[in-house]
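**Q**
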Amino acid sequence: MVKKQFVTFRIDEFFLGIDITMVREINRVLDITDVPQAPDYVLGLINLRGQTVTVFDLGVRLGMAPRFITDQTHNIIFKHETIGLLVDQIGDVVSVDEEKIVPPPANTGTIEAEFIEGVVELENELLMILAAWKILSIDDGIGE
Amino acid sequence: MNTINDINDDAAIDDFVTDFKAETLEMLDSIEPDLMTLEKEKGRVSKELVNRIFRTIHSIKGGAGFSGFEALKSISHAMESIIIQVREDRLTLNSEDIDVLLAAVDKIRTMISDIYNSDEISYDRELEALERIAGRNECKAAESGEEPIVERKEFEELPAASDIPAHYECEEDDDMMDEDLIKDFVEDIKDLLDSVEPDLLALERERENVSPELINRVFRAMHSIKGGAGFCGFEALKELSHAMENVFMMIREEKMTLDPGKMDVLLSAIDKIRLMINRIQTSDQVPYVEELEALNQVLHEDHTALSSKASPPPEKEKTDNESEKDDAFEIWLDNQPRSVPEPVPAVNARQSTEQAKSPTMSDTIRISVDLVDRLMNLAGELVLGRNQLRQAIEGYLADDPRINPIIQNVDVVTSEIQENIVQMRMQPVGNVLNKFPRTVRDLTRQMSKEAEMIIEGGEVELDKTILESLSNPLTHLVRNCVDHGVESPAERLAAGKSSVGHIWLRAYHEGGHVNIVLQDDGRGIDSMRVGEIVIEKNMFSREQVVKMSESERLGLIFLPGVSTAKKVTDISGRGVGMDVVKTNIERIGGHIDIESEIGKGTSIHIVIPLTLAIIPSLIVGVQNRRYAVPQINVQELVCVKAGETSNQIEKIGESSVLRLRGRLLPIVRLADIMGLERIFVHPKTGELAPDRRRRVEDRRTPAERAAEKQALEKVNQKNNRKKPDRRQNWRSDIYVVVLKVGSNVFGVCVDELYDNEEIVVKPMSNHIKNCKIFAGATIMGDGRVAMILDASGIAAQAKLRFSEIKTEEQRRKRILQKGKAGAQDSEQQAIILFNNAPDEFFALPLTGVARLEIVDPKSIKVVGGQEFMSYRGDGLPLIRLETILPVNSIPGDPDELFVIIPKTKGPPVGLIVSRILDTVDIDIAITRHVSSTTGVAGSTIMDGMLIFFLDIGEILQLFEQRIQSLAPMSDTTFNRYQDNEQTVNTEEING
Chain R
222 MVKKQFVTFR
232 IDEFFLGIDI
242 TMVREINRVL
252 DITDVPQAPD
262 YVLGLINLRG
272 QTVTVFDLGV
282 RLGMAPRFIT
292 DQTHNIIFKH
302 ETIGLLVDQI
312 GDVVSVDEEK
322 IVPPPANTGT
332 IEAEFIEGVV
342 ELENELLMIL
352 AAWKILSIDD
362 GIGE
Chain F
209 MNTINDINDD
219 AAIDDFVTDF
229 KAETLEMLDS
239 IEPDLMTLEK
249 EKGRVSKELV
259 NRIFRTIHSI
269 KGGAGFSGFE
279 ALKSISHAME
289 SIIIQVREDR
299 LTLNSEDIDV
309 LLAAVDKIRT
319 MISDIYNSDE
329 ISYDRELEAL
339 ERIAGRNECK
349 AAESGEEPIV
359 ERKEFEELPA
369 ASDIPAHYEC
379 EEDDDMMDED
389 LIKDFVEDIK
399 DLLDSVEPDL
409 LALERERENV
419 SPELINRVFR
429 AMHSIKGGAG
439 FCGFEALKEL
449 SHAMENVFMM
459 IREEKMTLDP
469 GKMDVLLSAI
479 DKIRLMINRI
489 QTSDQVPYVE
499 ELEALNQVLH
509 EDHTALSSKA
519 SPPPEKEKTD
529 NESEKDDAFE
539 IWLDNQPRSV
549 PEPVPAVNAR
559 QSTEQAKSPT
569 MSDTIRISVD
579 LVDRLMNLAG
589 ELVLGRNQLR
599 QAIEGYLADD
609 PRINPIIQNV
619 DVVTSEIQEN
629 IVQMRMQPVG
639 NVLNKFPRTV
649 RDLTRQMSKE
659 AEMIIEGGEV
669 ELDKTILESL
679 SNPLTHLVRN
689 CVDHGVESPA
699 ERLAAGKSSV
709 GHIWLRAYHE
719 GGHVNIVLQD
729 DGRGIDSMRV
739 GEIVIEKNMF
749 SREQVVKMSE
759 SERLGLIFLP
769 GVSTAKKVTD
779 ISGRGVGMDV
789 VKTNIERIGG
799 HIDIESEIGK
809 GTSIHIVIPL
819 TLAIIPSLIV
829 GVQNRRYAVP
839 QINVQELVCV
849 KAGETSNQIE
859 KIGESSVLRL
869 RGRLLPIVRL
879 ADIMGLERIF
889 VHPKTGELAP
899 DRRRRVEDRR
909 TPAERAAEKQ
919 ALEKVNQKNN
929 RKKPDRRQNW
939 RSDIYVVVLK
949 VGSNVFGVCV
959 DELYDNEEIV
969 VKPMSNHIKN
979 CKIFAGATIM
989 GDGRVAMILD
999 ASGIAAQAKL
1009 RFSEIKTEEQ
1019 RRKRILQKGK
1029 AGAQDSEQQA
1039 IILFNNAPDE
1049 FFALPLTGVA
1059 RLEIVDPKSI
1069 KVVGGQEFMS
1079 YRGDGLPLIR
1089 LETILPVNSI
1099 PGDPDELFVI
1109 IPKTKGPPVG
1119 LIVSRILDTV
1129 DIDIAITRHV
1139 SSTTGVAGST
1149 IMDGMLIFFL
1159 DIGEILQLFE
1169 QRIQSLAPMS
1179 DTTFNRYQDN
1189 EQTVNTEEIN
1199 G
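Chains as they are written, first to last, in this note's numbering: chain R, 222 to 365; chain F, 209 to 1199.
1) Give a yes or no on whether the C-beta atoms belonging to T1091/F and R1020/F are separated by under 8 Å.
2) Measure the CB-CB distance between I1098/F and R1059/F and report whether it falls below 8 Å.
3) If we call anything under 8 Å between Cβ atoms a contact, is I625/F one with I615/F?
4) So, for N595/F: in the same chain, excluding its five sequence neighbours on each side, which residues have a beta-carbon less than 7 Å away from its beta-carbon?
5) Classify M222/R: buried if its beta carbon has 16 or more other beta carbons within 10 angstroms, exposed otherwise.
6) Between D252/R and chain F, is any beta-carbon pair separated by less than 8 Å?
7) Give the straight-line distance between the Cα atoms of E453/F and E758/F, rounded to the nearest whole angstrom.
8) Select from N617/F, M632/F, A587/F, I488/F the residue whose C-alpha is nearest the C-alpha of S576/F.
9) Quick one: does the C-beta of I290/F sit closer than 7 Å to a heavy atom of the ligand GDP?
10) So, with DSSP's three-state summary, where would you put R649/F?
11) Taking Cβ positions, are A836/F and I827/F nearer each other than 8 Å?
12) For L348/R, is the classification buried or exposed, using 16 other Cβ atoms within 10 angstroms of its Cβ as the cut-off for buried?
13) Along the chain, where does the alpha helix (DSSP H) that runs through C440/F open and close?
14) Would you grab the beta carbon distance between L701/F and L713/F for me? Rounded to a whole angstrom, and I think it's under 8 Å.
15) Is it a yes or a no for the region 605 to 615 of chain F touching the region 965 to 977 of chain F, going by three-plus beta-carbon pairs under 8 Å?
16) When DSSP builds the beta bridges, which residues end up paired with K859/F?
17) So the beta strand (DSSP E) F277/R belongs to, where does it begin and stop?
18) Three Cβ pairs or more, each shorter than 8 Å: is that satisfied between the region 758 to 769 of chain F and the region 797 to 814 of chain F?
19) Would you say I290/F lies against chain R (beta-carbon separation less than 8 Å)?
20) R867/F: which of A879/F, C847/F, G883/F sits nearest, CA to CA?
21) Measuring alpha carbon to alpha carbon, tell me which of V753/F, A983/F, V618/F, E699/F ends up nearest G797/F.
22) Here's a check: name, in chain order, each residue in its chain whose Cβ is nearer than 7 Å to the Cβ of I1160/F, leaving out the five neighbours to either side.
23) If I follow the unbroken beta strand (DSSP E) through D998/F, where does it start and stop?
24) Within the chosen definition, does the region 1137 to 1157 of chain F reach the region 1063 to 1078 of chain F through at least 3 CB pairs nearer than 8 Å?
25) Using a beta-carbon distance below 8 Å, is P287/R in contact with chain F?
26) From L1008/F to I298/R, what does the alpha carbon distance come to, in whole angstroms?
27) Which residues in chain R have a C-beta closer than 7 Å to the C-beta of M244/F? List them in chain order.
28) Under a three-way DSSP split, which group does I1149/F fall into?
29) Can you give me the C-alpha to C-alpha distance between R687/F and T647/F, rounded to a whole angstrom?
30) Using only the alpha-carbon positions, how far apart do T232/F and H285/F sit?
31) Which class does P468/F belong to by DSSP, given the choice of helix, strand or coil?
32) Short of 9 Å Cβ to Cβ, which residues in the region 301 to 332 of chain R face chain F?
33) In terms of residue numbering, what span does the alpha helix (DSSP H) encompassing E316/F cover?
34) Quick one: what does DSSP say M1077/F is sitting in, helix, strand or coil?
35) Check for me: the alpha helix (DSSP H) holding I291/F runs from which residue to which?
36) Do the region 319 to 334 of chain R and the region 301 to 308 of chain R touch if we need at least three Cβ pairs shorter than 8 Å?
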């Protein structure tokens, strides 16, 4: 059985996960410089030890309302791209049998279905696994 | 093959082909996804995408053509021909077509991976398929101007790899040469070759009176190459350099003079040597028969004093026919009895290589660029760290006196490290510029033109990365220059120029930037023609083009798809070149401008920063946000005092403008550009409140102000204390940063001005690449990220109407000048100066003249003693001055006469004069002579001429009297005329 680990977090009531191998770090660098005229999901830039990281409002990216920054807010920084995701609350790292991951249901609530790669039933909750590539992809307005 | 790659990978080897290889591979990687997208989008293809594909292919073609990889060139040419049709919406590609294109991309990739043998890779199938697609459209629409690709035939005859004579596949040297030794040898020879080439060109120029020093230098270089090659056992290289050495020997002994044909042979041999050097381990397998044969022919020709100079340079007959080649090979063997086992003593060879090596060994080392780049980044971080440290310990400076000297020391050292590393990356621009004389020479020969390139300022230094990315655009420009700029010798002579065109390439420092100017004395660019093309292609409307200034119209040439070339050639004409040039120059933070005068030549001005890594910037603030503005764009800072806003800022059309020393600059608010809600700092409370002013120049109307004042007074009475008007508060001052983008200057209003800082540019993520108003991001001393503003992006975003404002500016200038002139001399008036008899001058006020006509005396009809000419479909009665005034008559029998039609109330009359001389502004101080006859208002002396001012009213009166004195008139025209004259005259009298 192949186990996969996911970093879990929350956006509103949704319980989401992202493949841990894609994550460089989780931090609370919230001194964000906004970038006027950037796509709405781009919150701004942060300084991560001398490197600039573009932070996305994951809520907006997934088609929901903009986030409010609270004392629970965290950034999940990707490993290979200088991009971070701002989330409401960070959860545990969970291990999941790869076989138990099933395709997402047709109805994923307010989250746009294309961002969900699969879902897995945990003990008491449904974990939605994010399609990281889709989040990182750039819509240049051609397809949308 | 591995060894070649190893050598090629060595970053120290700076070679065009290596660059080209790497670039092309990169481009191929980018083109594939683009092609897929093209397939997906089909009908609704985005222009940007097609342009990108087109540019990429064009660059590959250009590079291949330039480096002489024929197969590569023709396949990419075929691809380009397809894409150009797609771009012009004449062709839609289906999936099969994309397959073909992708297959072609794969083939190019194969060719690139073995570039030197690329001509031997078969690509007929791909080419055929490509042509089918390109041709499909031609069948459909016969009017399409696309030429079918014809080059294919000649390539079918290319020899297969097996054609290379087996003789040359020498055994690899077994006694393993020291790798380092070979590497040194390679480097040395490269240096030598680089120095030989300009020397050769000089040789060609000097011809007869070659300086011995020059020829000796070339000879020595060749000898060193030969010696080194012999020592290291590279036979092919040795033979070739030996043959060249022989030729130089002849020249040295003055048994031979160089002509362009021989020069071609020598240069192509140099190229072959270069090629061998690049793949030194397998150099013996490089076919070089052709060059060798040509060299020997050159040698033989002069040696046996056949002096058949008319025979074309052998290089031209590039027939790769096998039998001929074999023949040639035999000739060569006959001619070279001593060539193969040439006993070059090993000792000598070692000496010569060491000789060449020794000066470079002592004071320079070769470092990989990668290492310098890393060091550069680290230095950038160090600067950042220093800034942060300085801010962090600012508070402790007073507490401990030891800290300050330490921090100062760190300061100095850090700056010096940075400067030195920047210095390390600096290279003289000559490295890039010096290859262009050769380019120009080859191109001019190819096109039977004559041109000379003059390079100045080759010693100016530039950052290596900038220098590298400058090479391609400059090549494009130089190519354009020769192809379109310089005319054919005949054309030049006809235009009164010397038959040899001149191309200047100058580099110089100015204001912290490097300027590169490429100038030619060719035919220039017709900006109207550029305009026409743009209109034809539906990029702009005629109206827009007409409104543009000359330089704006010339600037259109940088748009994709615009070319003034009438036909597409190998060298240029597709209209991509200038687009690529501009894109490339702007990518390195530079700017390009073009000036041209028809018939006189074109001048292209490129301004580029010294280095990219660290840019001095001005930090400005808008609503608690900080932005960096590169100093290169900042022209000056203007503070508009709160009370003076209305004097300095106004509105023209839709734009706010700032009046600055007689100039009008469009201004924008940075906050508006950013789409931020405007706020102001309340002067009383220091709180932030939304700013309700809609425009910079908005101020309350006097009525509102009065009302406000009253209200304020009431409040003051209540509070019993005085408050200054907010608008007079210093916080309401407006700071304007005057930015310069090319020739356009505009102002940006900001809230705060901070210090100048040296910032390190951080790249922007792809997600925010579309924000054109930013050039990048940086990290400030306090650790926060700040965006770097892009001046041209801001100008574009604000849709500044430069031309409109410029027109207004010019209009005002004119008024101002007029006003000045008027103030100096209020009595000035424009007059028209003419004569009747050649020595008698007359004048009329220009304001009293309705029209001027030229008339053929033969067409003047005489009716009842009165002359008439036809004017606007009617008869115009003509007045001859001599008939009514005591003046001399128009002499002789002139070919043409002038008719002045004065403004009259009634039907027009014409005043015949012999010549109209000029219109001048003149003082109206006219002396009215006592003796003045009727019809003459007075006279004045100007430039020694006595000028009589005519009184048009009186003249008409005289004319009338004359008519009446003529035989009784029944002509209705005259009656009508008389009636009307009467009224005019009454008025005159009354007036």
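Every residue, glycine too, gets a C-beta built ideally from N, C-alpha and C.
**A** Result, derived from the coordinates:
1) no
2) no
3) no
4) G989
5) exposed
6) yes
7) 54 Å
8) M632/F
9) Looking for the ligand GDP in the displayed structure turns up nothing, as the structure carries no ligands at all.
10) helix
11) yes
12) buried
13) 420 to 440
14) Contact flag wrong, Cβ pair sits at about 24 Å.
15) no
16) S864/F
17) 272 to 278
18) yes
19) no
20) C847/F
21) A983/F
22) L1052, G1056, P1110
23) Where D998/F is concerned, there is no enclosing beta strand (DSSP E), given that its DSSP letter is neither H nor E.
24) no
25) no
26) 39 Å
27) Chain R residues near M244/F: none, gap ~13 Å exceeds 7 Å.
28) strand
29) 8 Å
30) 14 Å
31) helix
32) E302, T303, I304
33) In the sequence as presented, Glu is not what sits at residue 316/F; that position holds Ile. That run of the alpha helix (DSSP H) goes 303 to 321.
34) strand
35) 278 to 295
36) no
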